[in-house]
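Q: Can you read through this structure? Questions will come right after.
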Amino acid sequence: MRLSPASPVCGIRVEGLDVRDLTAADQPRFVDLLHDNKIVVVPGQALGPDDLLRFGSMFGLLQHHVLQQFTLPGYPQLFVLSNEVVDGRPLGHANEGFGWHTDMSYMRQPTAYTMLYALKVPAVGGATWFTDTQAAWDALPEERKALVRGRFARFSYGRMYGARTGATPLTPEQRARTPDILHPIVRRHPVTGRHSLYLGGIEVAGVSGMADEDGVALMKDLLAFATRPERVFRHEWKPGDLVIWDNRGLLHTATEYDRSRYTRTLYRTSIEGEVPQGWAA
Ligand SMILES: [Fe+2]
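Per the working numbering, the sequence shown starts with residue 320, numbered consecutively.
In structure tokens form, the structure reads like this:
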């Protein structure tokens, strides 16, 4: 195995590894790599759906996405991101993941780790961007730290979903699974103990102890701070790339590509995390 930085800001690239060869004995070292670097990029994989789910399940409980209509048939834990249409049926979701976010932040136990595996990618565009929210917390001016320590942000799946034009209305079951939820703005990593800014985009509906408008404005300011261009790692996909990230210290976003020219299909699976812990001295 050869390890090298994936970018100057965060992430590590692991070459010479076929993740199908990993066993439970290798898992702790892999998790350490992930916690230390937030993102692990493993290029050159040849994974089927079962391989990806086997790999994912080494790290915890696989999550079921709210929008089950976009999972691979027979694989409720494997979400398909795709703009391909086969026999009139979309292969997956074409508009998921745009805008800075952490995965399933609108759930009581948001995603810990996300695994994304590229099958088809555009020659140009469609990168995934990441920013290190632990580094952003460390760099935050002290008066801002004092303002947000101990506060909670309200995350709303309904608000996020409602902002999508042309989306099918949520079913009563989907709505029942996604009530608004409060999470600490300053989040403590359950293993490393490092603090990060736990932020979001359109799904953020307010902040505890503030008028909603002011809370949303504060969260937007923090997001702009955390996502300054110099903090961003842009992963340009190649087919066969497997990228694993730790949502407890990151934000990420999909970026656009020319959908009329290119197809882009990725498989995603994700691991349930803990109820986020707040700041602790
Ligand atoms: Fe995402």
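Even glycine gets a Cβ: it sits at the ideal position worked out from N, Cα and C.
Are Ala-455 and Leu-380 touching if we call contact CB-CB under 9 Å?
A: no
Q: Between which residues of its own chain and Thr-582 is the CB-CB distance below 7 Å, once the five residues before and five after are set aside?
A: Asn-402, Glu-403, Lys-439
Q: Is Gly-375 a contact residue of ligand 1, with contact defined as CB to any heavy atom under 8 Å?
A: no
Q: Answer yes or no: do Thr-433 and Thr-546 have a C-beta to C-beta separation smaller than 9 Å?
A: no
Q: With 16 as the cutoff for other CB atoms within 10 Å, does Ala-573 come out buried or exposed?
A: buried
Q: Smallest Cα separation from Leu-570: which of His-502, Arg-427, Lys-357?
A: Lys-357
Q: Flag this pair as yes or no: are the beta carbons of Asp-560 and Val-361 separated by less than 9 Å?
A: yes
Q: Assuming Arg-463 and Pro-595 are in contact, meaning their beta carbons sit under 8 Å apart, how far apart are those beta carbons, in whole angstroms?
A: In this structure, Arg-463 and Pro-595 do not form a Cβ contact; the two beta carbons are roughly 19 Å apart against a cut-off of 8 Å.
Q: Terminal residues of the continuous beta strand (DSSP E) containing His-354?
A: From DSSP, His-354 is part of no beta strand (DSSP E) but of the alpha helix (DSSP H) over 346–356.
Q: In three-state terms, what does DSSP make of Ala-486?
A: The answer is coil: DSSP assigns Ala-486 none of H, G, I, E or B.
Q: Within its chain, find whatever has a CB closer than 7 Å to the CB of Gln-428; leave out the 5 residues flanking it on each side and keep chain order.
A: Glu-591, Gly-592, Glu-593, Val-594
Q: Hey, which residues come within less than 6 Å of ligand 1, measuring from Cβ to any heavy atom, in chain order?
A: Gly-416, His-420, Asp-422, His-571
Q: Considering just the uninterrupted stretch of the beta strand (DSSP E) at Gln-396, what are its terminal residues?
A: 394–401
Q: Answer yes if the segment 494–512 comes into contact with the segment 476–485, meaning at least three C-beta pairs across the two stretches below 8 Å, and no otherwise.
A: yes
Q: Taking the alpha helix (DSSP H) that Thr-452 belongs to, which residues open and close that run?
A: 452–458
Q: Taking the straight line between their C-alpha atoms, what separation do you get for Tyr-425 and Phe-471?
A: 13 Å
Q: Check for me: the beta strand (DSSP E) holding Lys-439 runs from which residue to which?
A: For Lys-439, the enclosing beta strand (DSSP E) covers residues 430–439.
Q: When you compare each of Ala-437, Ala-543, Met-538 to His-554 by their alpha carbons, which one comes out closest?
A: Ala-437
Q: Name the two residues that bound the continuous alpha helix (DSSP H) containing Phe-544.
A: If you look at Phe-544, you'll find it in the alpha helix (DSSP H) that goes 531–545.
Q: With DSSP as the reference, label Asp-340 as helix, strand or coil.
A: Shown here, Asp-340 sits in a helix according to DSSP, grouped into three states.
Q: For Arg-580, decide whether its Cβ has a neighbour in chain C, counting only Cβ atoms nearer than 9 Å.
A: The structure shown contains no chain C; it is built from a single protein chain.
Q: Sort out for me which residues DSSP pairs Trp-598 with in a bridge.
A: In DSSP, Trp-598 forms no bridge with anything.
Q: In the DSSP assignment, find the unbroken alpha helix (DSSP H) run with Leu-466 in it and report its ends.
A: 461–467
Q: Can you tell me which residues form a DSSP beta bridge with Asp-565?
A: In the DSSP assignment, Asp-565 forms a beta bridge with Tyr-432.
Q: Cβ of Val-551 within 9 Å of Cβ of Trp-448?
A: yes
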